Structure formats: structure tokens, C-alpha cells
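So for the sequence shown, our numbering puts the first residue at 287; every next one is plus one.
All residues carry an ideal CB built from backbone N, CA and C; glycine is no exception.
Nothing here was measured: the structure is a model prediction, and the numbers come from that model.
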Amino acid sequence: MSKKITDKVLWVGKTDWELKSFHGDELSTRRGSSYNAYLVRDAKTALIDTVWHPYDREFVSRLKETIDLTEIDYIVMQHNEVDHSGALRELLREIPGTPIYCTKKGEAILRGHYHEDWNFVNVKTGDKLSLGETELTFIEAPMLHWPDTMFSYLSGEEILFSNDGFGQHFASESLFDEDVADAEAMLYEAEKYYTNILCPFSAMVAKKVQQILDMKLPLKMICPSHGVIWKQRPELIIQKYQQWSAAYQENQATIAYDTMWQSTRLMAEAIAEGLRDELPTLNVKLMNAARDDKNDILTEMFRSKLILVGSPTINNGISYAISGLLEMIHGLKFKGKKAAAFGSYGWSGEGVKLITDHLQASGLEIVVPEGHRTLWVPDAEALETCRKYGREIAKAL
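Written as C-alpha cells, this is what we have:
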């Protein structure tokens with residue numbers, strides 16, 4: 287069913303309570319999500335985005351309950367990943383020939399996904415589409431988070447349709463932020479979303495947010511493509527994006543480790559004690575890479591000024607969980623963070639160097655190039671050495 291946003295704008299999307307992972311299994315979405323599509327009804331009618339393809343028929347059926355589909359004059363596709371464009375083919379069976387407004391790269395991506403010769407109209411920043419009393423202004427936003435992405439600003443209603451910008455994977459009966467009971471969870475999901483999707487493009491995020499601010503657009507609402515609409519305080523999420531895109535860090539250290547027979551865990555706990563001995567106010571998070579959610583670990587790392595990674599040496603390498611985590615760290619391109627490695631070993635002991643090399647290749651500043659290794663199971667003396675390692679690293683912060 288549709289939900290009213292303003293007298294001229296309706297939400298016609300889909301809330302997905304069942305979604306537990308996104309981008310395959312790359313991103314956990316334990317609180318579900320939504321695929322937000324918007325219908326602007328003026329002298330002319332524009333549909334902004336659609337929904338993920340498993341819900342294509344449901345989407346079109348529900349849209350028919352809201353509007354005679356032949357009354358849709360324009361389809362605006364702001365980004366063409368399948369969670370946004372998935373219902374296009376089903377919709378265009380009903381209203382073939384309806385113009386699709388998108389960027390030039392958006393057209394290329396839609397053609398690559400659906401292999402259809404639809405009625406494409408390419409737009410760029412500053413182009414406008416009059417709907418009557420209101421007008422859409424298009425703002426290209428490449429790499430937020432695909433090269434085809436754009437935002438759309440609706441004059442009169444003073445709404446920024448921001449697609450993947452400012453979104454959260456957060457399913458809610460509430461349409462607006464002001465009605466969400468668990469605001470802390472909502473904001474956490476916005477930060478987790480930023481960390482795992484937009485962080486690699488932070489420089490472009492910062493420029494785009496500043497560009498929007500420089501345009502001095504009157505702004506009552508930000509309507510993203512996932513999660514709730516920012517109505518009560520749209521400036522809050524803008525401020526968060528300014529902070530997150532500027533080499534963000536809090537007074538925190540995150541220690542991520544994997545362990546086979548508990549030796550590396552004991553090391554991690556002793557290193558944490560050493561960090562706290564030297565810096566009592568430092569918030570230290572210990573997380574088991576094989577058991578804790580990988581995206582939550584990355585979000586805690588995003589918040590941190592220090593990242594420590596530990597693994598036992600296994601078959602002249604490192605553990606499966608740590609290896610995968612290091613690959614994700616590399617892709618997220620964290621800025622302004624320090625790092626170090628540690629681990630236990632039995633005979634070869636290459637793991638610590640491998641971790642250090644991965645962290646350095648990811649752009650992190652290595653505090654102790656040689657890292658710290660413990661042979662077999664750490665005894666009291668070895669654990670005290672781990673504490674000293676923690677204190678040594680703390681002094682470099």
C-alpha cells in the first residue's frame with residue numbers, strides 16, 4: 287500500500303522484513319530493509335525508482351491500486367542496481383514507451399542488466415523536469431555508490447531524493463525518522479551502511495555533500511532508497527555524512543582476532559589490558575572474526591583510530607575468517623588509522639607478517655612493523671609481554 291509523504295508525494299516501495307543479507311552475503315541486514323520508490327503527482331506524474339526484482343509483480347500490482355499506470359508520465363531511475371531497477375521490466379510491460387530519465391551511465395547499466403531498448407532520456411547535473419507546480423532538478427552523484435548514481439531535488443515540496451546516499455538497511459513500520467522508537471538502532475544502521483557501502487568513496491561523498499549545501503536548497507526532507515525518511519532532522523544525517531567522510535575516528539581501538547586453541551584469544555585479551563593500562567579512557571572492542579558479524583566488526587573499525595588484527599599461523603598462512611576480513615578492510619579504504627598485527631604459532635609463524643603486509647597495503651599506518659608473535663600457548667610471562675605490546679602501541683596513538 288502507498289503511504290503519504292506530502293500532498294504531492296507518495297511512498298510506493300516495499301518493506302522487506304525478511305532480508306538478512308545484501309549484495310549476496312557481503313553485508314548483513316539483520317534489521318531488514320526497504321526498497322523505497324516514490325510517486326510524485328502534479329500536472330505530470332513521475333515515478334522515482336522501483337524495487338528489487340523478487341517483488342516486481344507485487345510492486346506493479348500495488349502501484350495499480352494507487353494510480354492508473356497510464357497516468358505515469360516519467361520514470362526516474364536514480365541508480366540501476368537490481369534492488370532499485372528490478373521492477374522495471376514488469377512495469378514497462380504495462381506502460382511500454384514511458385521515458386526513463388537517468389544518467390548516461392545509468393542507461394548503459396540498464397541495457398547491460400535487461401538488454402532492452404527502452405525509451406531512455408539522459409540527464410546531467412542541473413537538468414530540470416517540470417511536473418507542473420513542482421520541478422525535479424537532477425544532481426549527478428557518481429560513486430555514491432555506483433558510477434550511474436544521481437539525486438533528484440523536488441522544488442515546492444523541498445525534498446531531496448537521495449537514492450543510496452543517507453540510507454540505512456532498517457525495516458520499520460514508521461515512514462519517518464521522528465516516529466522510530468529505537469533511534470539509536472536507526473543511526474547505527476546508517477553508520478553501518480556508510481561504512482560497508484560508501485566508505486571507499488568518502489572523498490566523493492564529502493564533495494557531493496558540500497555541493498548540495500552550496501546549492502542552498504530549501505530542504506524539508508531527505509528521502510533515501512533504503513530505510514526511513516529523514517524528516518525531523520534532515521540536517522542530522524548531513525552532519526553525520528560530513529563527519530564520516532572526513533577520516534572519521536573516535537577514541538576507540540578494535541581488536542579483531544581468530545583463534546584455534548585459544549592462544550590468540552589470550553593474546554588479544556592481554557593486549558587489550560595493556561592498551562587500557564596506558565590509556566584508561568580508550569574504548570577497546572574485542573571481536574572474534576569467526577563468530578562476530580563481519581560488518582559489525584568493520585563498523586567498529588571505522589569508528590576506531592587503532593585496528594589490531596590477530597591470527598594463528600595456519601598452513602603457512604592465516605585463518606579463513608581473518609583473511610576475508612583483511613580483504614574487506616582493503617576494499618573499504620579506511621583513512622587516518624593506525625594498525626598492528628599479532629598471533630600465535632607452532633613452527634613456521636608467517637601469519638603476523640602476512641597480516642602486517644595486508645594492513646599496510648590497505649593504507650593503514652603500521653605502528654609496530656614486526657608485530658608480535660607468541661610460540662605455542664602463552665604462559666604468564668608471554669601474556670605480560672602481550673600487555674607490554676599493548677602499552678607500546680598505546681604510546682604511539
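At the level of alpha carbons, what is the spacing between residue i and residue j?
{"i": "Phe-588", "j": "Thr-481", "result": "6 Å"}
{"i": "Glu-536", "j": "Gly-318", "result": "27 Å"}
{"i": "Ser-441", "j": "Glu-367", "result": "26 Å"}
{"i": "Thr-423", "j": "Tyr-324", "result": "15 Å"}
{"i": "Pro-484", "j": "Ala-373", "result": "It should be noted that the sequence gives Leu, not Pro, for residue 484. Taking the straight line joining both Cα atoms gives about 24 Å."}
{"i": "Glu-387", "j": "Gly-560", "result": "The identity of residue 387 in the sequence shown is Tyr, whereas the question assumes Glu. Going by the C-alpha atoms only, they are around 57 Å apart."}
{"i": "Phe-345", "j": "Val-337", "result": "7 Å"}
{"i": "Asn-405", "j": "Leu-611", "result": "43 Å"}
{"i": "Pro-520", "j": "Glu-656", "result": "46 Å"}
{"i": "Tyr-400", "j": "Thr-389", "result": "16 Å"}
{"i": "Tyr-439", "j": "Ile-508", "result": "9 Å"}
{"i": "Ala-476", "j": "Asn-449", "result": "13 Å"}
{"i": "Trp-313", "j": "Gly-513", "result": "According to the sequence provided, residue 313 is Leu. The question's Trp does not apply to it. If you take the alpha carbons of Leu-313 and Gly-513, they lie about 15 Å apart."}
{"i": "Trp-297", "j": "Ile-291", "result": "7 Å"}
{"i": "Gly-505", "j": "Leu-446", "result": "Rather than Gly, the amino acid found at residue 505 in this sequence is Leu. Computed Cα separation, rounded: 7 Å."}
{"i": "Asp-302", "j": "Ala-575", "result": "28 Å"}
{"i": "Val-409", "j": "Lys-619", "result": "30 Å"}
{"i": "Lys-571", "j": "Pro-433", "result": "35 Å"}
{"i": "Lys-623", "j": "Thr-585", "result": "13 Å"}
{"i": "Leu-661", "j": "Ala-647", "result": "26 Å"}
{"i": "Tyr-341", "j": "Leu-305", "result": "12 Å"}
{"i": "Glu-419", "j": "Pro-510", "result": "23 Å"}
{"i": "Gln-364", "j": "Ala-626", "result": "41 Å"}
{"i": "Pro-428", "j": "Pro-566", "result": "42 Å"}
{"i": "Ile-679", "j": "Gly-451", "result": "36 Å"}
{"i": "Pro-664", "j": "Ser-531", "result": "40 Å"}
{"i": "Ala-467", "j": "Glu-555", "result": "35 Å"}
{"i": "Pro-598", "j": "Ser-630", "result": "5 Å"}
{"i": "Arg-673", "j": "Ala-489", "result": "37 Å"}
{"i": "Asp-563", "j": "Val-326", "result": "58 Å"}
{"i": "Leu-594", "j": "His-616", "result": "14 Å"}
{"i": "Glu-670", "j": "Met-614", "result": "32 Å"}
{"i": "Ile-361", "j": "Phe-487", "result": "27 Å"}
{"i": "Gly-398", "j": "Arg-343", "result": "22 Å"}
{"i": "Arg-379", "j": "Phe-628", "result": "58 Å"}
Which one or two residues does DSSP pair with residue i in a beta bridge?
{"i": "Asn-449", "result": "Pro-510"}
{"i": "His-658", "result": "Phe-628"}
{"i": "Phe-424", "result": "Ser-438"}
{"i": "Thr-331", "result": "Arg-327"}
{"i": "Ile-541", "result": "Leu-572 and Leu-594"}
{"i": "Phe-462", "result": "Ile-515"}
{"i": "Val-295", "result": "Val-326"}
{"i": "Ser-307", "result": "Ser-314"}
{"i": "Tyr-321", "result": "Lys-300"}
{"i": "Lys-290", "result": "Leu-296"}
What span of residues does the beta strand (DSSP E) with residue i cover, start to end?
{"i": "Thr-481", "result": "Premise fails: Thr-481 is in no beta strand (DSSP E) and is neither H nor E."}
{"i": "Asp-369", "result": "Taken as a continuous stretch (DSSP letters only), Asp-369 belongs to no beta strand (DSSP E), being part of the alpha helix (DSSP H) at 368–371."}
{"i": "Lys-300", "result": "300–302"}
What first and last residue would you give for the alpha helix (DSSP H) that runs through residue i?
{"i": "Lys-674", "result": "666–681"}
{"i": "Tyr-341", "result": "No alpha helix (DSSP H) holds Tyr-341; DSSP gives it neither H nor E."}
{"i": "Ser-648", "result": "Per DSSP, Ser-648 belongs to no alpha helix (DSSP H) and is neither H nor E."}
{"i": "Tyr-527", "result": "520–530"}
{"i": "Ser-488", "result": "488–500"}
{"i": "Ile-557", "result": "549–564"}
Open item on the list: In chain order, what are the residue ranges of uninterrupted beta strand (DSSP E) at least 3 long that sit wholly in the region 580–637?
Closed with: Correct list: 592–596 and 624–631.
Open item on the list: Could you check whether the region 493–500 touches the region 353–363, counting it as contact only if at least three pairs of C-beta atoms, one from each stretch, sit closer than 8 Å?
Closed with: With a cut-off of 8 Å, the region 353–363 and the region 493–500 do not count as touching, because too few Cβ pairs lie within range.
- [ ] Could you tell me whether the region 543–553 touches the region 598–605, where touching means 3 or more Cβ pairs closer than 8 Å?
- [x] Contact annotation: the region 543–553 touches the region 598–605, with at least three C-beta pairs closer than 8 Å.
TODO: With a floor of 4 residues, list each alpha helix (DSSP H) that falls wholly inside the region 358–422, ordered by position along the chain.
DONE: Qualifying alpha helix (DSSP H) stretches, in chain order: 368–371, 374–380 and 390–400.
Open item on the list: Assess contact between the region 577–595 and the region 452–459, defined as three or more Cβ pairs (one per stretch) separated by less than 8 Å. Is contact present?
Closed with: No: the two stretches stay apart, fewer than three of their Cβ pairs being nearer than 8 Å.
- [ ] Assess, as a yes-or-no matter, whether the region 515–530 is touched by the region 634–652 under the definition of 3 or more beta carbon pairs within less than 8 Å.
- [x] Counting C-beta pairs closer than 8 Å gives fewer than three between the region 634–652 and the region 515–530, which falls short of the contact rule.
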